[in-house]
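Undergrad: Quick note on numbering: the sequence shown equals residues 1 to 137 in full-length UniProt numbering.
Note that beta-carbon positions come from the ideal geometry of N, C-alpha and C, so glycine has one too.
This one's a predicted model, so the numbers in the text were calculated from it and none came from an experiment.
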Amino acid sequence: MKITVTDDFPACAAIRRRVFIEEQNVPEELELDELDATAVHLLAVQDGRPVGTARLLIEGESAKIGRVAVLPEMRGTRAGAALMRAALDELRARGVTKAKLGAQTHAIGFYEKLGFTVHGPEYDDAGIPHRDMSRSL
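So, in structure tokens, the structure goes:
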């Protein structure tokens, strides 16, 4: 699998549409927002086919990793972990020292294995329970 920073936003949006809008019923107006225009987008490609994406919102030495999505047929293949490792590497290369994210509660264990720690209360984001997580880089 190859994971790169991409300008191919339509490919990223198609994965996010399938995972968040179609599968998880997130309203389109909440999923695709104005932050996409300035975000750094990562695209995971397997055998020439886009299979995962994430976006990075960088603010100085801190960044938020979000919109992490892997197509259903690629889950369980470690594609998500590879995508997150690539995101962390990209942030380090850009001088970021702290990464944060809003994890769907069912995915907390996944992010903990990547060194993230939960903090703060559970909250609702687009009808899905989340917790904030962060880690140093």
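(1) Apart from the five residues just before and just after Lys-100, which ones in its own chain have a Cβ nearer than 6 Å to its Cβ?
(2) Buried or exposed: where does Thr-97 fall if 16 or more other Cβ atoms within 10 Å of its Cβ makes it buried?
(3) In the UniProt domain "N-acetyltransferase" (1-137), which residue ranges form an unbroken beta strand (DSSP E) of at least 3 residues, counting only runs that do not cross its ends?
(4) Taking the straight line between their C-alpha atoms, what separation do you get for Ala-69 and Arg-17?
(5) Express the C-alpha separation of Asp-125 and Phe-9 in angstroms, rounding to a whole number.
(6) Are the beta-carbon atoms of Gly-120 and Arg-131 separated by less than 8 Å?
(7) Going along the chain, which residues of its own chain have a beta-carbon closer than 7 Å to the beta-carbon of residue 140, five neighbours each way excluded?
(8) Measure from the alpha carbon of Glu-61 to the alpha carbon of each residue in Arg-75, Met-84 and Gly-95, then state which is nearest.
(9) Rounded to whole angstroms, what's the CA-CA distance from Gly-66 to Gln-46? Just pull it up for me.
(10) Near Ser-136, which residues of its chain fall below 7 Å by C-beta distance, leaving aside the five closest residues on each side in sequence?
TA: To lay it out plainly:
(1) As a working note, residue 100 is residue 100 in the sequence shown. Same-chain partners within the cutoff: Lys-64 and Ser-134.
(2) In the sequence shown, counting from the first residue as 1, residue 97 sits at position 97. So Thr-97 counts as exposed.
(3) 2-6, 40-46, 49-59, 62-70, 98-104, 117-125 and 128-136
(4) Position 69 of the sequence shown, counted from the start, is the residue given in the question as residue 69. Position 17 of the sequence shown, counted from the start, is the residue given in the question as residue 17. Answer to the nearest angstrom: the Cα atoms are 9 Å apart.
(5) Within the sequence shown, residue 9 is the residue found at index 9, counting from 1. Within the sequence shown, residue 125 is the residue found at index 125, counting from 1. Roughly 23 Å separates the two Cα atoms.
(6) What you label residue 120 is simply residue 120 of the sequence shown in a count that begins at 1. What you label residue 131 is simply residue 131 of the sequence shown in a count that begins at 1. In this structure, Arg-131 lies closer than 8 Å to Gly-120 by Cβ.
(7) It is not possible to answer for residue 140, since the shown part of the chain is limited to 1 through 137.
(8) As a working note, residue 61 is residue 61 in the sequence shown. The option with the nearest alpha carbon to Glu-61 is Gly-95.
(9) Position 66 of the sequence shown, counted from the start, is the residue given in the question as residue 66. Position 46 of the sequence shown, counted from the start, is the residue given in the question as residue 46. Spanning the two alpha carbons is a distance of roughly 21 Å.
(10) As a first step, residue 136 is located in the sequence shown; it is residue number 136 there, counting from the start. Cβ within range, chain order: Thr-97 and Lys-98.
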